[in-house]
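All remarks here apply to the structure that follows.
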Amino acid sequence: NAGVMQNPRHLVRRRGQEARLRCSPMKGHSHVYWYRQLPEEGLKFMVYLQKENIIDESGMPKERFSAEFPKEGPSILRIQQVVRGDSAAYFCASSYSRDKAFFGQGTRLTVV
Amino acid sequence: EDKVVQSPLSLVVHEGDTVTLNCSYEVTNFRSLLWYKQEKKAPTFLFMLTSSGIEKKSGRLSSILDKKELFSILNITATQTGDSAIYLCAGSSGTYKYIFGTGTRLKVLA
Numbered sequence: 093n094a095g096v097m098q099n100p101r102h103l104v105r106r107r108g109q110e111a112r113l114r115c116s117p118m119k120g121h122s123h124v125y126w127y128r129q130l131p132e133e134g135l136k137f138m139v140y141l142q143k144e145n146i147i148d149e150s151g152m153p154k155e156r157f158s159a160e161f162p163k164e165g166p167s168i169l170r171i172q173q174v175v176r177g178d179s180a181a182y183f184c185a186s187s188y189s190r191d192k193a194f195f196g197q198g199t200r201l202t203v204v
Numbered sequence: 794e795d796k797v798v799q800s801p802l803s804l805v806v807h808e809g810d811t812v813t814l815n816c817s818y819e820v821t822n823f824r825s826l827l828w829y830k831q832e833k834k835a836p837t838f839l840f841m842l843t844s845s846g847i848e849k850k851s852g853r854l855s856s857i858l859d860k861k862e863l864f865s866i867l868n869i870t871a872t873q874t875g876d877s878a879i880y881l882c883a884g885s886s887g888t889y890k891y892i893f894g895t896g897t898r899l900k901v902l903a
């Protein structure tokens, strides 16, 4: 059973471009969470999704950020018109129920 | 505001030493506390604690929760260089929104 898979591992974008981060949860997991980790800071909750539904996006900036978890395929975190401050490690986690979550390797986004 | 505070922020020890990492929390409707080990990138699940006073063990690692005093400790005995990592503590209200501390950076010297 593969763990939580995220890709790409590293992503470089110029200011103003779009970033798409993908997350495939563990097999059998229908709950997906996205967290952001800034340098020297802890993980901060962004959004919680179940299949085709956003349950809680209270940690996600209102502008430029969106997330989806379609019926088929991975969950996508999308950042439009990236700025330098978006540079961070973005982690996806999944769980079977609202229980312990397992994290992916993360995507390190660098905005130049 | 919910918060989780870890101490120390960083720790350097020699192989064979025993370390204790601390985590205090203030989480509304607290239900569980989780410990993760973060090496290079991915946080790896270690323990989930829901009951006070019951120690969980996994090899050289153990952890316990005190719900009265709102803290948890993570012990690592006979440390090895492979234990070098950032140890993250997170409080959960049983929903999905973990509140993470900033972590303790442990370095074990050979």
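These protein sequence lines map, in sequence, to chains G and P. To convert, count from 1 in the first sequence and add 92; that's our numbering. To convert, count from 1 in the second sequence and add 793; that's our numbering. Ideal Cβ placement from N, Cα and C applies to all residues, glycine included. Being a predicted model, the structure only gives us computed values, none of them experimental.
Within chain G, the residues that residue i reaches when beta carbons sit closer than 8 Å
i	result
T897(P)	Under the 8 Å cutoff, chain G gives no residues; its nearest Cβ is about 11 Å from T897(P).
G894(P)	G134
Euclidean distance between Cα positions of residue i and residue j
i	j	result
K143(G)	K834(P)	26 Å
V139(G)	R106(G)	24 Å
S844(P)	V104(G)	44 Å
I146(G)	F195(G)	19 Å
S61(G)	V812(P)	Examination of residue 61(G) is not possible in this model, given that chain G is present from 93 through 204 alone.
Q873(P)	G95(G)	25 Å
L814(P)	G884(P)	15 Å
G852(P)	Q831(P)	18 Å
L881(P)	G134(G)	8 Å
Q98(G)	M118(G)	11 Å
Q172(G)	D148(G)	20 Å
K163(G)	E155(G)	25 Å
I879(P)	G165(G)	32 Å
R112(G)	D191(G)	27 Å
M152(G)	E862(P)	32 Å
Any C-beta of chain G under 9 Å from that of residue i
i	result
K834(P)	yes
Y829(P)	yes
Closer than 8 Å: residue i CB and nearest the ligand ATP heavy atom
i	result
V175(G)	The model depicted lacks the ligand ATP and carries no ligand whatsoever.
Residue of the options minimising C-alpha distance to residue i
i	options	result
H102(G)	A181(G), S189(G), F194(G)	A181(G)
L854(P)	F838(P), Y818(P), P801(P), F893(P)	F838(P)
R128(G)	C115(G), F183(G), Q197(G)	F183(G)
S167(G)	C115(G), Q98(G), M97(G)	C115(G)
D178(G)	Q197(G), P117(G), L130(G), K192(G)	L130(G)
D810(P)	S886(P), I892(P), Y891(P), I869(P)	I869(P)
N822(P)	G846(P), A871(P), Y891(P), S865(P)	Y891(P)
W126(G)	E155(G), F161(G), E132(G)	F161(G)
K136(G)	P836(P), P801(P), F893(P)	F893(P)
T897(P)	D795(P), P801(P), E794(P)	P801(P)
H807(P)	L867(P), G875(P), C816(P)	G875(P)
A185(G)	D795(P), V820(P), P836(P)	P836(P)
CB contact check: residue i to chain P, cutoff 9 Å
i	result
H123(G)	yes
S116(G)	no
G151(G)	yes
Y127(G)	yes
S187(G)	yes
R101(G)	yes
F183(G)	yes
R200(G)	yes
CB contact flag (residue i, residue j, <9 Å)
i	j	result
T202(G)	P100(G)	no
S158(G)	R170(G)	yes
H123(G)	L141(G)	yes
Y889(P)	S187(G)	yes
Y818(P)	V805(P)	no
W828(P)	S865(P)	yes
L867(P)	C816(P)	yes
K849(P)	L842(P)	yes
Amino acids of chain G, ordered along the chain, whose beta-carbon sits closer than 7 Å to that of residue i
i	result
F838(P)	K192, F194
Partners in chain P for residue i, counting only beta-carbon separations shorter than 7 Å
i	result
F137(G)	K890, Y891
Partner residues on chain G for residue i, Cβ-Cβ distance less than 9 Å
i	result
L881(P)	G134, L135
9 Å Cβ cutoff, residue i in contact with chain C
i	result
V797(P)	No chain C appears in the structure shown, which is made up of the protein chains G and P.
Listed by chain order, chain P residues near residue i by CB distance under 8 Å
i	result
Q197(G)	K834, A835
Under 9 Å from the C-beta of residue i: neighbouring residues of chain P
i	result
A180(G)	Result: empty, since nearest Cβ-Cβ is about 12 Å, beyond 9 Å.
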